[in-house]
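Notes for the one structure printed next.
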Amino acid sequence: MSDAGPRISINSVGRHGSDWSSRLGRLRAAFRGWRRTRPFWGGFWCILGGLIIAYGPTTAVKVILISGSTVWLGILMGALVAVMGLFLWFAPHLRQLVGVLAAAFSMVSLITSDYGGFVIGLVLGTLGGALGFAWTPIQAKKT
Amino acid sequence: MTESDAPKLVGKTRWRRVPLVLVPVYAMIAGLFILAATGMLAVSFAVSGVGLTVTADSLTTGAVDTNGIGLYQFGVADFAGNGTPVPQFETIVPHATLVNLCQSVSVGPLTLRTTAGNVAGSPVTATNLVVDATSLSSTGGSFTNINIGQDMGTFTNPALTMPIARGSGPNVNTGPVPTGTFGQTATAASLTGLRQVANATSAGNFTLPNLSISFGAPC
Chain A
1 MSDAGPRISI NSVGRHGSDW SSRLGRLRAA FRGWRRTRPF WGGFWCILGG LIIAYGPTTA
61 VKVILISGST VWLGILMGAL VAVMGLFLWF APHLRQLVGV LAAAFSMVSL ITSDYGGFVI
121 GLVLGTLGGA LGFAWTPIQA KKT
Chain R
1 MTESDAPKLV GKTRWRRVPL VLVPVYAMIA GLFILAATGM LAVSFAVSGV GLTVTADSLT
61 TGAVDTNGIG LYQFGVADFA GNGTPVPQFE TIVPHATLVN LCQSVSVGPL TLRTTAGNVA
121 GSPVTATNLV VDATSLSSTG GSFTNINIGQ DMGTFTNPAL TMPIARGSGP NVNTGPVPTG
181 TFGQTATAAS LTGLRQVANA TSAGNFTLPN LSISFGAPC
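Respectively, the protein sequence lines represent chains A and R. Take 1 as the starting number for the first sequence in this note's numbering and just add one per residue. Take 1 as the starting number for the second sequence in this note's numbering and just add one per residue.
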């Protein structure tokens, strides 16, 4: 991974080409293993939804932020949803609690953050939370 | 690659459990939406730099703030990320009432259109409405006790005295509106046929009766 060269070398035929494709294959297999051992899509939609929720208020902060306003609450809600997504990825054993929290924070963003990131962030955050909640390990298949 | 100390178990999504979260959450979202759409729940709104258009059939100022002012308008420089000043026409209304409000925001290829207050007798209300506009037009207006050439640095409205940031870059004024800023104030104002191309807007408490959010044409 450390000696990553230009990607175009994949196209070259011969020993180097096969070396690169096998390396890529191993990386893909490692990523697949990582993805299957945690609620990957739940976390993914939470992170994306959280970023969308936080986006509107963040752009506003760059231009205008008045003390006493509630702009920061919108950013906080988006950040919380995104952090819940990270928890789904890196602490999958907390998925039920974290999934419900992600959905709840997304719901609050409807009030605090430009109608929940113009509804898009709200939908992604709640969907991600529900997917995280619904994910379960298959006990029999130990890898 | 695996940072988790949880057992390395392959898992799957139990789809029958998805509604356990989604159904109650969406029931509550529908409840919140109904509360917002009947004007019982105020939402906060803040956005900038995404091509925001605001139109309203009329804007009327309500109660005056502690300075005895119902409307502030002045020129201000907002700063883009590279520190280039962008001239803005800033309007601050401590208590605003808007009839037939329409906001449209362009998010990538989509245009999201929000309408509210389009039923007689239940207008939109907003507290500390702040709009930084690059253009503002109205078909008619009346101002009460208008004071043109007012020094904006002499007021204590929070929106004037405590703007924590007006952009990023080395030249940004992070303090109060400087003394000597030319502007105008009025104790009351009424504008009809309002149309603003806004660069930033924020409202503390926005009550939006008959709220409707949909994708559609710009306002």
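Using N, Cα and C, we set each Cβ at its ideal position, and we do this for glycine too.
* Please state if the CB of R:S202 and the CB of R:N145 are separated by a distance shorter than 9 Å. => Taking 9 Å as the cut-off, the Cβ atoms of R:N145 and R:S202 do not count as close.
* Listing by chain order, which chain A residues have their CB less than 7 Å from the CB of R:T13? -> The answer, in chain order, is L131, A134, W135.
* Asked: How big is the Cα-Cα spacing for R:L22 and A:W135?
  -> Near 14 Å, if we compare the C-alpha coordinates of A:W135 and R:L22.
* Got a sec: is the Cβ-Cβ distance from A:M107 to anything in chain D below 9 Å? -> Any reference to chain D falls outside this structure, whose protein chains are A and R.
* Do you know offhand how far R:P94's Cα is from A:F105's? -> Cα to Cα, the separation comes out at about 29 Å.
* To do: Return no unless some Cβ of chain R is closer than 9 Å to the Cβ of A:L127.
  => It does: the Cβ of A:L127 has a partner Cβ on chain R nearer than 9 Å.
* To do: Report all residues from its chain with a CB closer than 6 Å to the CB of R:Q103; omit the five preceding and five following residues, and keep chain order.
  => Cβ within range, chain order: V54, T114.
* Spatial neighbours of A:V100 within its chain, please: CB distance less than 8 Å, with the 5 preceding and 5 following residues excluded, ordered by chain position. => So the list reads G129, F133, once near-sequence residues are dropped.
* Taking just the CA atoms, how far does R:V10 sit from A:R26? -> Roughly 18 Å between the two C-alpha positions.
* So, helix, strand or coil for R:F143, using DSSP? -> DSSP places R:F143 in strand when its eight states are reduced to three.
* Asked: Residues bridged to A:Y55 by DSSP?
  -> Assignment of beta-bridge partners to A:Y55 by DSSP yields no partner.
* **Contact list for A:V100 against chain R, beta-carbon separation under 7 Å** => Result: V21.
* **Whole-angstrom distance between R:L112 and R:S106, CA atom to CA atom** => When rounded, the distance between both Cα atoms is 6 Å.
* Name the one or two DSSP bridge partners that R:L136 has. => Per DSSP, R:Q196.
* Could you give the DSSP three-state label for A:S67: helix, strand or coil? => Summary for A:S67: the model assigns pLDDT 46, below 50, so the residue's position carries little reliability, and this model does not support an answer.
* To do: Flag this pair as yes or no: are the beta carbons of R:T13 and A:W72 separated by less than 9 Å?
  => With respect to the 9 Å criterion, R:T13 and A:W72 are not classified as neighbours on the basis of their beta carbons.
* Cα separation between A:R35 and R:S122? -> Spanning the two alpha carbons is a distance of roughly 51 Å.
* **Any C-beta of chain A under 9 Å from that of R:A247** => The shown model of chain R, from 1 to 219, leaves out residue 247 of chain R, and the question about it has no answer.
* Alpha carbon to alpha carbon, how far is R:I213 from A:T126? -> Approximately 18 Å, taken between the alpha carbons.
* Relative to the alpha-carbon of R:G108, which residue among A:F118, A:H93, A:L97, A:L124 has its alpha-carbon at the smallest distance? -> Relative to the Cα of R:G108, the nearest Cα in the group A:F118, A:H93, A:L97, A:L124 belongs to A:F118.
* **Proximity winner among R:N210, R:G183, R:G216, relative to R:L35 (alpha-carbon distances)** => Checked all of R:N210, R:G183, R:G216; the closest Cα to R:L35 is R:N210.
* Asked: Do we get a CB-CB distance below 9 Å when we pair A:G74 with the residues of chain R?
  -> At least one chain R Cβ lies under 9 Å of A:G74.
* Close beta carbons around R:T139, own chain, < 8 Å, minus the five adjacent residues each side -> Within the same chain, R:T139 has close Cβ partners T192, G193.
* Around the C-beta of A:A30, are 16 or more other C-beta atoms found within 10 angstroms, so that it is buried, or is it exposed? -> So A:A30 counts as exposed.
* **Per-residue DSSP class, three states only, for R:V23** => For R:V23, the three-state secondary structure derived from DSSP is helix.
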